[in-house]
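Note sheet for the following structure.
Numbering (my numbering), first residue to last: 22 to 152.
Below, the structure is given as structure tokens:
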């Protein structure tokens, strides 16, 4: 066999392996469940992930919003404040009226996790959806 054919065969196999290794993380998505997506700006969104090119699509989107029950003017909310309450917000209820889908560049995602069906966030989503 010609050395060039061997070289290009090895190069092609290496490229295919690298491509599928890089895409392998997206095959571990639990399509039946919800995922938590942690972004590089500190925001966290909950929803259902599907991969598409250099973006992921997040549907059925929720996020947590902190509210202070007894906030005084000019005071800051700390995460350990007992007067702080976390509220689950459905995407689409904001003033600008977005649709219930987000497209996020993959390089903005620090990590994502499949969520348990009996976790507090998924239970809150189920409660929100029930009539």
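Note that CB positions come from ideal geometry on N, CA and C, so glycine has one too.
Roughly how many angstroms lie between the CA atoms of residue 99 and residue 123, to the nearest whole one?
The count along the chain shown starts at 1 and reaches residue 99 at position 78. The count along the chain shown starts at 1 and reaches residue 123 at position 102. Bear in mind that the predicted position of residue 99 carries a pLDDT of just 47, short of 50, making it unreliable; the figure below should be weighed with that in mind. Their Cα atoms are separated by approximately 28 Å.
Just how far apart, CA to CA, sit residue 148 and residue 74?
Position 127 of the chain shown, counting from 1, holds the residue named residue 148. Position 53 of the chain shown, counting from 1, holds the residue named residue 74. Answer to the nearest angstrom: the Cα atoms are 33 Å apart.
Since residue 109 and residue 83 are thought to touch, with beta carbons under 8 Å apart, how far apart are those beta carbons, to the nearest angstrom?
Residue mapping note: residue 109 aligns to position 88 of the chain shown, counting from 1. Residue mapping note: residue 83 aligns to position 62 of the chain shown, counting from 1. Taking the Cβ atoms as the reference, residue 109 lies roughly 5 Å from residue 83, within the contact range of under 8 Å.
Throw me the rounded Cβ distance for the residue 54 and residue 135 pair, which I believe falls under 8 Å.
Walking along the chain shown from the start, residue 54 turns up at place 33. Walking along the chain shown from the start, residue 135 turns up at place 114. Between residue 135 and residue 54 the Cβ distance is about 6 Å, and since that is below 8 Å, they are a contact.
Rounded to whole angstroms, what is the Cα-Cα separation between residue 60 and residue 66?
The residue you call residue 60 lines up with position 39 of the chain shown. The residue you call residue 66 lines up with position 45 of the chain shown. The straight-line gap from Cα to Cα measures roughly 8 Å.
For the ligand COA, any of its heavy atoms closer than 7 Å to the Cβ of residue 107?
For the ligand COA, the structure offers nothing, since it holds no ligand at all.
C-alpha distance - residue 132 paired with residue 143, whole-angstrom precision:
For the purposes of this step, residue 132 is identified with residue 111 of the chain shown, where counting begins at 1. For the purposes of this step, residue 143 is identified with residue 122 of the chain shown, where counting begins at 1. Taking the straight line joining both Cα atoms gives about 18 Å.
Bridge partners of residue 120, per DSSP?
Within the chain shown, numbered from 1, the residue matching residue 120 stands at position 99. Paired residues: none, contrary to the question.
Does the distance from the CB of residue 125 to the CB of residue 85 come in under 8 Å?
Your numbering for residue 125 matches position 104 in the chain shown. Your numbering for residue 85 matches position 64 in the chain shown. Contact flag unset, no.
In three-state DSSP terms, what is residue 138?
By one-based count along the chain shown, residue 138 stands at place 117. In this structure, residue 138 counts as coil in the three-state DSSP scheme.
Over the uninterrupted beta strand (DSSP E) stretch that includes residue 68, give me the two end residues.
Here residue 68 is taken as the residue at index 47 of the chain shown, counted from 1. Counting along the chain, the unbroken beta strand (DSSP E) around residue 68 starts and ends at 65 to 73.
Alpha carbon to alpha carbon, what distance is there between residue 151 and residue 72?
Against the chain shown, residue 72 aligns to sequence position 51. Against the chain shown, residue 151 aligns to sequence position 130. One C-alpha to the other measures close to 28 Å.
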